[in-house]
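Down below is the structure, laid out as structure tokens.
Residue numbers (the numbering used here), protein chains in the order written: chain A, 6 to 492; chain B, 782 to 1229.
Here is the structure:
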């Protein structure tokens, strides 16, 4: 058993030079707009912060954010059309210096974006490092506004520009240089490779995704509404995490791309963070969750991570970093002879039948409502093989129900467990011979543990598509599955 | 009941909603909790089979009008049912959440939310897309069963006339439901919507045998939605005294503002849901002490468990195994109710009530009382039902084919309390609807 009483070491050393007391950084965004904010964040427990992007001060519009809410949960996804810092460069530099002086052990990264001129980049690099920044993050990702001026994602979408500007920065930089990647591109690795070729010390990914979050159905104006018009923004928050994880995996699995990586994209709790670390990130950056709930969420990011590490016996972050990378493979390497089937555990089933309708309409029609006997075909009275969802509903509508009156009707006087027990007729059954093991029923089931996916031994050796097609080429008529009695 | 179409403010203050309405955000939160079960047990449990998950999903998705129309499609009295239904033993009682986190969806309140919004927006049912068709049906009584039958038939283009002996429609929905559940004004508002479909109402119509003959001649079919008759008498000395008022009369009088003074001590005799409505009303109208006398034990009451629990919470006292034998009066007031209390010795809840009586401990007691309210059920309208020739009646209940509501006289259909002996509004609506579906099929074939 791992020793749970020893506090794990959460500190990280990013790109061999940037020390951070924990892997949690604030992403370059409104939460890092000024020194007062960053200092409060460090007091709350954040390990590092990437300062809101420095550059020539801009003018913002109002309003700036819009969100996607899901079934009453607000801000599953957040969209913004805010630009880089609107504060004077001198004020930002002065405050960076002050924060660094007061918090020497925290990681402070300066995010940079200037026009695509060598001198301009040289100057800003010099200024940020002189102020005391521990590292530089090149904002080649901002997808709105700045990109129309030839900056942000306009750079990050073209490998050659990325390589050129990263090269300019590296001519002058003394601290580690991170290139922040945009997801608004066909293959994120093309830009990651360009950054690596130019000598970048690290990467951060992903920046926000081009988005229109929604439209006001009364005014027909998309949100956010700026005087009757809107513009596409950058999408982030919990909704983008799967996209970010995929891109992180792509970069870290590619030897020509892989670099120390700061993972970004929908990280809301410690479990999300662990996932990014498992796919090869060294640190993670958080923005939307802080904009939603405040700096205080760092408490459980640290606490949850530490407890999980202790439980798993990991003493330091690098003990589990990248462990999931080898577990992501191309589809052609997956074992075709691995079979799982769904099992519905009768005692846990509440009879909602979401698995039944999901399997019939969205999967493979192998969940049936026949535990209480074979179905009766409407009209004929004959027993049929299976009843369809429509038949089930029609049957229920035919039943004459009355209000049970105590004293007159048994059902009303039954009490407690008996009264509320799930009737056997409402508990679905999986036909395991038809089940393809797709997971859908397990995913829609609202009751944890009610449906489990169980491995079935098919008595065949592991075989991938690649292996199968190779062996089929050797002897096309006698593949291990399709040989013999199947046609 | 001149002002019955407007809520009485003083009455409203004494009878706040038993289940207050949701505000919009709470409704959304609750609606989002619904699992959207397939072939949902709540829908199956509802006698009118309202598609509950569908109407709840529509609330969650910002389609309140669609939600209300989903409800109305199954149950034209969806607004009053959302308030008076014993949801604990119907939709909410069958919610799968009982098995999960033990917190069933508040279906009744969500239904009310959708219906309130619909009524607030003017209660406009979709324009009838069906042209008028030949076929005339007379509904006797304008209570829930007849209203449901009439609305459904009218929506399919047939002519319907309701004959009601009282001055207002709605039956017990208007006159007999406790005020904290449903106000007369809300019942009438809902019926106005049905009138808007083109259903004709005739009030003050007592149906004599001669008139029945004319109806048989003038209409293709007759639907009996006459409910039950007068309340049973106690059959004891003193019960004709003015300070003895049966529960339905009491409820009707306070709802119409005619019986606000109940005195200090009220005794209700009987332990059904109407008895409980009366007892709780008496407390709200200012009585200090309200007792319910019941001749058997707690296990035998016909009131729903939640009604009993709520009455206890409001301070109603119950005396079991207590039977009144005389009401002693003194001038204009009651002095005491003389009772015999006789609890069987060694009684168990499962004992057969019809078995020969065992030994009892018997004692006599006198309960001081200002107002006595007998509530021991309604008797059937025997004389009237006998005048409906060929309509079979057994144990006071009209015999029907359950699926169609047709009586033994094929010209007559029936539903509601006169058929089931006295159940819920939703049962009456379901009966009326089933009859309408059957009648429409027959009329369509006859006039094809």
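We treat Cβ as the ideally placed atom computed from N, Cα and C, and that holds for glycine.
Check                                                                                                                                                                                         : Outcome
If we count the other Cβ atoms within 10 Å of its Cβ and call it buried at 16 or more, is residue 833 (chain B) buried or exposed?                                                            : buried
Could one say the Cβ of residue 254 (chain A) lies closer than 8 Å to chain B's Cβ atoms, at least one of them?                                                                               : no
So that I know if they touch, is there some Cβ in chain A lying closer than 8 Å to that of residue 1209 (chain B)?                                                                            : no
Since I believe residue 889 (chain B) is in contact with residue 863 (chain B) (beta carbons under 8 Å), could you give me their beta-carbon distance rounded to a whole number of angstroms? : 5 Å
Closer than 8 Å, CB to CB, is residue 398 (chain A) near chain B or not?                                                                                                                      : yes
Name the chain B residues whose beta carbon is nearer than 8 Å to that of residue 411 (chain A)?                                                                                              : 1082, 1083, 1084, 1085, 1086
Quick one: using the 10 Å Cβ neighbour count with 16 as the cut-off for buried, is residue 507 (chain A) buried or exposed?                                                                   : This structure cannot speak to residue 507 (chain A), because chain A is shown only from 6 to 492.
Does the count of Cβ pairs from the region 179-199 of chain A and the region 262-271 of chain A closer than 8 Å reach three?                                                                  : yes
Tell me which same chain residues have a C-beta within less than 7 Å of the C-beta of residue 993 (chain B), skipping the five on either side of it?                                          : 1168, 1169
For residue 241 (chain A), does the three-state DSSP call read helix, strand or coil?                                                                                                         : strand
At a Cβ cut of 7 Å, what residues of the region 350-377 of chain A count as close to chain B, listed as they run along the chain?                                                             : 355, 356, 357, 358, 359, 361, 362
From the DSSP output, in three-state form, read off residue 445 (chain A) for me.                                                                                                             : helix
Buried or exposed for residue 393 (chain A), going by 16 or more other Cβ atoms inside 10 Å?                                                                                                  : exposed
Consult DSSP for residue 791 (chain B) and reduce its assignment to one of helix, strand or coil.                                                                                             : helix
Considering only residues of the same chain and omitting the five flanking positions on each side of residue 126 (chain A), which have a CB-CB separation below 7 Å?                          : 119, 170, 173, 174
How would you list, in chain order, the residues of chain A whose beta-carbon sits under 9 Å from the beta-carbon of residue 894 (chain B)?                                                   : Ordered by position in chain A, no residue passes the 9 Å Cβ test against residue 894 (chain B), which lies about 15 Å from the chain.
For the candidate residues B:859, B:1010, B:935, B:1121, whose alpha-carbon lies nearest to that of residue 1077 (chain B)?                                                                   : B:1121
Do the region 1070-1089 of chain B and the region 1046-1057 of chain B touch if we need at least three Cβ pairs shorter than 8 Å?                                                             : yes
Would you verify that the beta carbon of residue 104 (chain A) is, or is not, closer than 8 Å to some beta carbon of chain B?                                                                 : no
With a threshold of 8 Å between beta-carbons, can residue 901 (chain B) be considered close to chain A, or not?                                                                               : no
In the region 795-809 of chain B, which residues sit with their C-beta less than 8 Å from some C-beta in chain A, listed in chain order?                                                      : 809
Using a threshold of 8 Å, state whether the C-beta atoms of residue 1028 (chain B) and residue 828 (chain B) are closer than that.                                                            : no
Does the count of Cβ pairs from the region 1186-1197 of chain B and the region 1022-1036 of chain B closer than 8 Å reach three?                                                              : no
Nearest CA to the CA of residue 444 (chain A): which residue from A:75, A:475, A:361?                                                                                                         : A:361
Check each candidate in A:468, A:455, A:342, A:363 and name the one with the smallest Cα separation from residue 462 (chain A).                                                               : A:342
Start and end of the beta strand (DSSP E) containing residue 1149 (chain B)?                                                                                                                  : 1141-1149
By DSSP's criteria, residue 269 (chain A) is part of a beta bridge. Which residues make up the other side?                                                                                    : A:290
Out of A:28, A:353, A:96, A:231, point me to the one whose CA is closest to residue 447 (chain A)'s CA.                                                                                       : A:353
By a C-beta neighbour count over all protein chains shown, 10 Å radius and 16 as the cutoff for buried, is residue 960 (chain B) buried or exposed?                                           : buried
What residue does the alpha helix (DSSP H) around residue 275 (chain A) start on, and which one ends it?                                                                                      : 275-283
List, in order along the chain, the chain B residues whose C-beta lies closer than 8 Å to that of residue 394 (chain A)?                                                                      : 819, 820
Report the neighbours of residue 402 (chain A) on chain B: residues whose CB is nearer than 7 Å to its CB, in chain order.                                                                    : 830
Using DSSP bridges, identify the partner residues of residue 403 (chain A).                                                                                                                   : The partner list for residue 403 (chain A) (beta bridge, DSSP) is empty, contrary to what the question assumes.
What did DSSP end up calling residue 364 (chain A) once you bin it into helix, strand or coil?                                                                                                : helix
Please tell me whether residue 458 (chain A) and residue 363 (chain A) are closer than 8 Å, where the distance is taken between their beta carbons.                                           : no
Residue 867 (chain B) touches chain A at which residues, Cβ-Cβ below 7 Å?                                                                                                                     : 408
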